[in-house]
Amino acid sequence: MRQCIDTKKVQSRIKKIEGQLRAISEMVDKDIPCEDILIQRNAAKSALHKVGQVVLEGHLQHCVRDGIEHGDADRTIAEFAKAVEHFSRMG
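Using the UniProt record's numbering, the first residue of the sequence shown is number 1, and each one after it goes up by one.
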C-alpha cells in the first residue's frame with residue numbers, strides 16, 4: 001500500500017485537516033457565528049475529499065496498473081470500480 005500512496009503528501013494534508021477541526025472546535029467554544037463555522041467545516045470537508053483523490057490516484061497509477069499488467073485485469077478493474085464507488089460516497 002505504501003508504494004501506491006504519496007505518504008508525505010497524504011500525512012501533510014491530514015495534519016492540515018486536524019488543524020482545521022481543532023479550529024472549528026475553538027470557534028464553537030468562542031461562540032463564533034454559525035456561518036463562519038460552516039465555512040470552516042466546508043474547507044475541512046474539501047481537504048478530506050482531496051485526501052481521497054490523492055489516495056485514489058495513487059491506487060490507479062500503481063495498484064491498478066500493476067494488476068492489469070501483471071495480474072488479473074478483470075479482477076483489478078472490478079476492485080477499482082469498488083474503490084471509485086467508495087470514494088464517490090464520500091461526497
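The beta carbon of each residue, even a glycine, is placed where N, CA and C say it ideally should be.
Neighbourhood of residue i by C-beta, 6 Å cutoff - its chain only, sequence neighbours within 5 removed
{"i": "PHE87", "result": "GLY52 and LEU56"}
{"i": "CYS63", "result": "CYS4"}
Limits of the alpha helix (DSSP H) - the one that residue i falls within
{"i": "CYS34", "result": "34-58"}
{"i": "MET90", "result": "Per DSSP, MET90 belongs to no alpha helix (DSSP H) and is neither H nor E."}
{"i": "GLN9", "result": "Position check: residue 9 holds Lys in this sequence, whereas Gln was assumed. Where LYS9 is concerned, the enclosing alpha helix (DSSP H) stretches over 7-29."}
{"i": "GLY71", "result": "Looking at the DSSP string, GLY71 is not in any alpha helix (DSSP H), and its letter there is neither H nor E."}
Own chain partners of residue i with C-beta closer than 8 Å, once the 5 adjacent residues on each side are dropped
{"i": "GLY58", "result": "CYS4, ILE5 and ASP6"}
{"i": "LYS50", "result": "ARG13"}
{"i": "ILE17", "result": "ALA44, ALA47, LEU48 and VAL51"}
{"i": "ARG75", "result": "GLY67"}
Cα-Cα separation, residue i to residue j
{"i": "ARG22", "j": "GLN11", "result": "17 Å"}
{"i": "PRO33", "j": "ARG89", "result": "29 Å"}
{"i": "ILE77", "j": "GLN61", "result": "13 Å"}
{"i": "ILE37", "j": "ALA73", "result": "46 Å"}
{"i": "LYS30", "j": "ALA81", "result": "44 Å"}
{"i": "VAL28", "j": "GLU35", "result": "11 Å"}
{"i": "ALA47", "j": "ILE24", "result": "14 Å"}
Nearest residue (CA-CA) to residue i, options the options
{"i": "LYS8", "options": "VAL54, LYS82 and PHE80", "result": "VAL54"}
With contact counted as at least three CB pairs below 8 Å, one residue from each stretch, are the region 34-49 and the region 63-77 in contact? They do not touch, by the three-pair rule.
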